[in-house]
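As you go down the protein sequences, you meet chains R and B in turn.
Numbering follows this note's numbering, in which position 46 of the first sequence is assigned residue number 64; successive positions increment by one, without gaps.
Numbering follows this note's numbering, in which position 68 of the second sequence is assigned residue number 86; successive positions increment by one, without gaps.
Idealized CB from N, CA, C, for every residue including glycine.
Below is one structure, written out as structure tokens; the observations come after it.
2 protein chains.
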Amino acid sequence: MNPEWIGYIAATLTSASFIPQAVMTIRTRDTRSISRGMYVIYTVGIAFWLVYGIALDSWPMIYANVVTLGLAITILVLKLRYG
Amino acid sequence: MNPEWIGYIAATLTSASFIPQAVMTIRTRDTRSISRGMYVIYTVGIAFWLVYGIALDSWPMIYANVVTLGLAITILVLKLRYG
């Protein structure tokens with residue numbers, strides 16, 4: 019299998035995975051068992067992955083990290099709001 | 019900055035981010051506001067990122083995804099156990 023396709027499948031899965039968490043958190047407004055530390059560190063880390071993807075000219079990484087960054091920030095903002 | 023270093027910083031942050039979540043979940047046994055769907059999809063996705071990292075011979079990606087896979091599986095197992 020072409021490595022780029024493996025990358026696209028990986029990108030789609032890890033980015034999409036944050037959708038059910040974001041939807042669940044928006045609906046329930048329950049963030050008690052979600053770690054704030056996780057989402058702070060994760061958001062900064064994804065920003066670095068995005069820069070790395072740009073440096074490698076890897077479109078699966080760029081595409082994945084832009085989407086994931088948006089979802090991670092959404093969950094982080096909800097965590098900061100609802101505690 | 020050398021792209022590999024950006025990758026290593028990114029890898030360290032996104033992998034390490036799951037540590038506070040895993041520690042919090044192990045301690046509290048509270049998984050109510052964590053999405054099961056997220057961790058199922060995320061775990062499969064990280065397995066694909068690992069294969070992509072191997073295909074690209076990218077050590078930051080390989081290193082990051084082995085660690086993240088272990089942490090994601092830990093949180094998923096706790097979610098399946100505690101509901």
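How would you write the range of the alpha helix (DSSP H) that residue i sits in, first residue to last?
{"i": "T46 of chain B", "result": "21-46"}
Here's a check: name, in chain order, each residue in its chain whose Cβ is nearer than 7 angstroms to the Cβ of residue i, leaving out the five neighbours to either side.
{"i": "I72 of chain R", "result": "I80"}
{"i": "A82 of chain B", "result": "A29, T32, S33"}
{"i": "I37 of chain B", "result": "L89"}
{"i": "Y26 of chain R", "result": "P78"}
{"i": "E22 of chain R", "result": "P78"}
Does residue i get closer than 8 angstroms to chain R when you measure Cβ to Cβ?
{"i": "G88 of chain B", "result": "no"}
{"i": "D48 of chain B", "result": "yes"}
{"i": "Y81 of chain B", "result": "no"}
{"i": "W77 of chain B", "result": "no"}
{"i": "L94 of chain B", "result": "no"}
{"i": "A55 of chain B", "result": "According to the sequence displayed, residue 55 of chain B carries Gly and not Ala. By this cut-off, G55 of chain B is an interface position."}
{"i": "L98 of chain B", "result": "no"}
{"i": "R85 of chain B", "result": "The displayed chain sequence assigns Val, not Arg, to residue 85 of chain B. So, not an interface residue."}
{"i": "I91 of chain B", "result": "no"}
{"i": "I52 of chain B", "result": "yes"}
Pick helix, strand or coil for residue i, following the three-state DSSP scheme.
{"i": "R50 of chain R", "result": "coil"}
{"i": "G71 of chain R", "result": "helix"}
{"i": "G101 of chain R", "result": "coil"}
Which same chain residues end up closer than 6 angstroms to residue i when comparing Cβ atoms and leaving out the 5 residues on each side of it in sequence?
{"i": "V85 of chain B", "result": "S33"}
{"i": "Y70 of chain B", "result": "none"}
{"i": "A65 of chain R", "result": "none"}
{"i": "Y60 of chain R", "result": "A90"}
{"i": "Y100 of chain B", "result": "R47, T49"}
{"i": "V41 of chain R", "result": "none"}
Which residues in the same chain as residue i place their Cβ atom closer than 8 angstroms to its Cβ, once the five residues preceding and following it in sequence are excluded?
{"i": "L68 of chain R", "result": "M79, I80, N83, V84, L87"}
Answer with buried or exposed for residue i, where buried requires no fewer than 16 other C-beta atoms within 10 angstroms of its C-beta.
{"i": "L98 of chain R", "result": "exposed"}
{"i": "I93 of chain R", "result": "buried"}
{"i": "M56 of chain R", "result": "buried"}
For chain B, find out if any of its Cβ atoms is closer than 8 angstroms to the Cβ of residue i; answer yes or no.
{"i": "G101 of chain R", "result": "no"}
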